[in-house]
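Quick mapping for you: the protein sequence lines, in order, are chains A and B. Convert by adding 49 to the 1-based position in the first sequence; the result is the number in the numbering used here. Convert by adding 55 to the 1-based position in the second sequence; the result is the number in the numbering used here. Don't be surprised by glycine CBs; every beta carbon is placed ideally from N, CA and C. Just below is one structure, and these are the notes that go with it.
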Amino acid sequence: MNSATNSLEPEIASNFDAEKIRADFPILKLKIDGKPLVYLDNAASSQMPQQVIDRLVRYQTTQHANINRAVHYLSEVATMEYHNARCKLQQFVNAREDREVIFTSGTTDSINLVMHGYGRKFIKAGDEIILTTLEHHSNIVPWQMLANEKGAKIRVVPVNGKGELEVNEYEKLFNERTKFVGLIHVSNALGTINPIKHMIDFAHQHGVPVLIDGAQAAPHIVIDVQALDCDFYAFSAHKLCGPTGVGILYGKAALLESMQPFKGGGDMIASVTFEETLYNTIPHKFEAGTPPIAAAIGFGAAIDYLTAIGIEPIAAYELSLLNYATECLNDIPGLTIIGTAEEKTAVLSFTLDGIHPHDIGTILNQDGIAIRTGHHCAQPVMQRFNVPATSRASFAFYNKKTEVDALVSGIKNVQKVFL
Amino acid sequence: MHTNSLYQEVILDHNRKPRNYGKLDHANHQAVGHNPLCGDRLDITLQLENDQITDIAFQGESCAICKASASMMTAAVKGKSRLDAETLIHEFRELATGKLDTTHPHHLGRLTVFSGIRDLPTRVKCAILPWHTLHAALNSVASTSTEANHDSAHAVSSKS
Ligand SMILES: Cc1ncc(COP(=O)(O)O)c(C=O)c1O
């Protein structure tokens, strides 16, 4: 898939009308301290186009009620729109059935659902869970909590100097105690795209289920959960031009059915007496309480917006931005790019000799440039590369080359301040 | 506020040539300060004799704001009594969080170059970390953090 994207790149990238797309995003017109906003923190959260904002307004002004509960008009409309949003997500990841898509509050919530629903039921003392050095804390901490509770063990896949997973080492970690694999699709700290298809197949040869953290992949790579054959796939709306507070967990129906619920409450039950509760069918079993209805519908609208442009053209355009930015940053003396994998999304993590990332971030902010500085919730990655923190510029399809130029002159200005 | 007014020459100078940088061999008080939000770490060693700070040093991995704050702090408290140091700690914290009324008498002197930090909430902790750590050292607390509560999840993640 990536090589196909690469070969399409020159043609699509030149046809891509970033100016027209930018007009959809009202926030991009903002001025920060009199300077035009240059928003390069898209890996943390992306911005919302007017189409999605309008959808939220339409829902809230003409369609809102609680779902699944009442027979009145608004409740029926809201229930239907919420269901439509689920179906849009189903298509987006190419799930076999809509009930395999569970709305959660985001990637973190999705992973915790799997830890509680699957992990606490099936993982026992002495079992081993494989994670990678590239994981975001949200795919580390829940498994550590489980391992501590159960007396299970976490094994970690190392990365090489370019920030690529050492797949040979991954394969060597498998044994009869291996019971689960948690794998980040795209590294938020470095942008590395991992060879997850191969890694999933390998785990399945050992009968081990695999959870993919797709928070950084879904905005940039076409996801086909059937082709990948992953057991779980998680991501958040707010990195896909949607609202905060919602995300999904895709899970294979049979697995979801075998799992215990994560949260107890309304909507997740079939019947309740004080003696016992019968749980509802999936996906409802995992959606206790009133869900983020408006946000889920906004998520659906964001998916419509992105698929109308096309994830592949988006990826090709972003790759052209990445290549340009990599070239420009490599020309800056004293700058080191961390994460130089062959397959990358448009993320540039870097350090500047003698200058702390937080000072870089604060001074760039003065020019209206928004980047992320720190450990990016991926401290094991920082430890691997022996840095306490990095500065990270992450690009979206609404960024343009002149913004890369602004970043470059901003970085040179930082160096001047500290000369 | 304009950030230029924060990265003033005084701060840049202390960042370039930090005063009292290193570790005292003969320290009788010390503490390590952490800012878990950014991974910064600061060691403070000091010699306290008859309630007077006769010598002090710091070292660590940190941003310019934190380093300059530590450098200027060590210069300011060296030779001072424990009580005077605690007064400065209190006043500096008030200054950094925008609570100090600078029109009233205070003892901060040139340390007021950090007043601009109050407009950058994400950076306030960088400036405060050295003071926090000094307070811990003076009170014989070996390790401190800008995020006071260490819950068990912290413990879990720091174990492996
Ligand atoms: C790779 C990765 N996983 C998980 C998360 C957590 O996502 P959320 O905070 O939306 O739950 C993020 C976002 O920061 C991420 O980049």
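Task: Residues whose Cβ lies closer than 5 Å to any heavy atom of ligand 1, in chain order - done: Gly-155/A, Thr-156/A, Thr-157/A, His-185/A, Ser-187/A, Asn-237/A, Asp-262/A, Ala-264/A, Gln-265/A, Ser-285/A
- [ ] Pull up the distance between the alpha-carbon of Gly-155/A and that of Arg-74/B, whole angstroms please.
- [x] Counting only the Cα atoms, Arg-74/B lies some 47 Å from Gly-155/A.
Task: Pair within 8 Å by beta-carbon distance, Asn-91/A and Phe-444/A - done: yes
Task: Short CB-CB distance (under 8 Å) between Pro-382/A and chain B - done: no
Open item on the list: Short of 9 Å Cβ to Cβ, which residues in the stretch 102-135 of chain B face chain A?
Closed with: Glu-116, Ser-117, Cys-118, Ala-119, Ile-120, Cys-121, Lys-122
Task: Segment contact, 8 Å Cβ cut-off, at least three pairs: the stretch 82-96 of chain B with the stretch 419-428 of chain A - done: When C-beta atoms of the stretch 82-96 of chain B are compared with those of the stretch 419-428 of chain A, three or more pairs fall below 8 Å, so the two segments count as touching.
Task: When Ala-125/B, Thr-158/B, Gln-114/B are compared against Lys-180/B, the one with the closest alpha-carbon - done: Ala-125/B
TODO: Anything in chain A within Cβ reach of Arg-173/B, meaning under 7 Å, just list it in chain order.
DONE: By Cβ distance, chain A contributes nothing, its closest Cβ being about 14 Å from Arg-173/B, past 7 Å.
- [ ] Would you kindly report the start and end of the unbroken alpha helix (DSSP H) that includes Lys-228/A?
- [x] Lys-228/A -> not in any alpha helix (DSSP H); beta strand (DSSP E) instead, spanning 227-233.
- [ ] Go ahead and pull the three-state DSSP assignment for Gly-210/A.
- [x] coil
TODO: Give a yes or no on whether 8 Å exceeds the smallest Cβ distance from Phe-399/A to chain B.
DONE: no
Open item on the list: Please tell me whether Val-466/A has its Cβ less than 8 Å away from any Cβ of chain B.
Closed with: yes
TODO: Quick one: give me the first and last residue of the alpha helix (DSSP H) that Arg-433/A is part of.
DONE: Per DSSP, the continuous alpha helix (DSSP H) segment holding Arg-433/A begins and ends at 428-433.
Open item on the list: Run through chain A and tell me which residues come within less than 8 Å of Gly-94/B, C-beta to C-beta.
Closed with: Residues of chain A passing the Cβ test: Gly-423, His-424, Gln-428, Met-431, Pro-437, Ala-438.
Task: Extent of the continuous alpha helix (DSSP H) run through His-69/B - done: It spans 64-71 - the alpha helix (DSSP H) in which His-69/B sits, taken as one unbroken run.
Task: Residues bridged to Thr-100/B (per DSSP) - done: According to DSSP, which records beta bridges pairwise, Thr-100/B is partnered with Gln-85/B, Ala-112/B.
TODO: Could you pull the start and end residues of the alpha helix (DSSP H) that Tyr-219/A belongs to?
DONE: 216-221
Task: Interface partners of Leu-67/B on chain A, CB under 8 Å - done: Val-466, Phe-467
Open item on the list: For His-165/A, would you say it is in contact with chain B, using Cβ-to-Cβ distances shorter than 8 Å as the test?
Closed with: Interface flag for His-165/A against chain B is unset, since no Cβ pair is found closer than 8 Å.
TODO: Count the other C-beta atoms from every protein chain shown that fall within 10 angstroms of the C-beta of His-255/A, then say buried if there are 16 or more, exposed otherwise.
DONE: exposed
Task: Nearest neighbour of Pro-332/A, chosen from Asn-188/A, Val-120/A, Gly-200/A, Leu-298/A [CA to CA] - done: Leu-298/A
Open item on the list: At the level of alpha carbons, what is the spacing between Thr-153/A and Glu-325/A?
Closed with: 25 Å
Task: Below-8 Å beta-carbon distance, Tyr-62/B vs any chain A residue - done: yes
Open item on the list: According to DSSP, Phe-284/A sits in a beta bridge with which residue or residues?
Closed with: Ile-297/A
Open item on the list: Can you tell me whether Ile-412/A is helix, strand or coil according to DSSP?
Closed with: DSSP, reduced to helix, strand and coil, places Ile-412/A within a helical segment of the structure shown.
Open item on the list: Tell me which residues of the stretch 167-198 of chain A have at least one Cβ-Cβ distance to chain B shorter than 8 Å, keeping chain order.
Closed with: His-186, Ile-189, Val-190, Gln-193, Met-194, Asn-197
Task: Under 8 Å from the C-beta of Asp-408/A: neighbouring residues of chain B - done: Tyr-62, Cys-118, Ala-119, Ile-120
- [ ] Compute the Euclidean distance between the alpha carbons of Met-50/A and Phe-284/A, then round it to the nearest angstrom.
- [x] In this prediction, Met-50/A has a pLDDT of 41, which is less than 50 and means its spatial position is unreliable; what the coordinates show is noted afterwards. Their backbone Cα atoms lie some 20 Å apart in a straight line.
- [ ] Please check the pair Val-463/A and Ile-404/A, which I expect to be a contact at CB under 8 Å, by giving their CB distance rounded to whole angstroms.
- [x] 6 Å
TODO: To the nearest angstrom, report how far apart Met-431/A and Val-208/A are at their CA atoms.
DONE: 12 Å
Task: Three-state secondary structure assigned by DSSP to Asn-91/A - done: Of the three classes helix, strand and coil, the one that applies to Asn-91/A here is coil, per DSSP.
Open item on the list: Alpha carbons only, please: which of Gln-99/A, Val-257/A, Ile-387/A, Leu-86/A is nearest the one belonging to Ile-179/A?
Closed with: When each option's Cα is compared against that of Ile-179/A, the closest is Val-257/A.
- [ ] For the alpha helix (DSSP H) containing Thr-128/A, list its first residue and its last residue.
- [x] Annotation: the continuous alpha helix (DSSP H) that includes Thr-128/A extends over 122-142.
Task: Contacting residues, own chain, Cβ-Cβ under 7 Å from Gly-263/A (five flanking each side not counted) - done: His-234, Ile-272, Tyr-282, Ala-283, Phe-284
- [ ] Evaluate the contact criterion for the stretch 116-124 of chain A versus the stretch 138-147 of chain A: three or more CB pairs, one atom per stretch, below 8 Å.
- [x] In this structure the stretch 116-124 of chain A does not lie against the stretch 138-147 of chain A, because fewer than three pairs of beta carbons, one per stretch, are closer than 8 Å.
- [ ] Indicate whether at least one CB of chain B lies closer than 8 Å to the CB of His-269/A.
- [x] no
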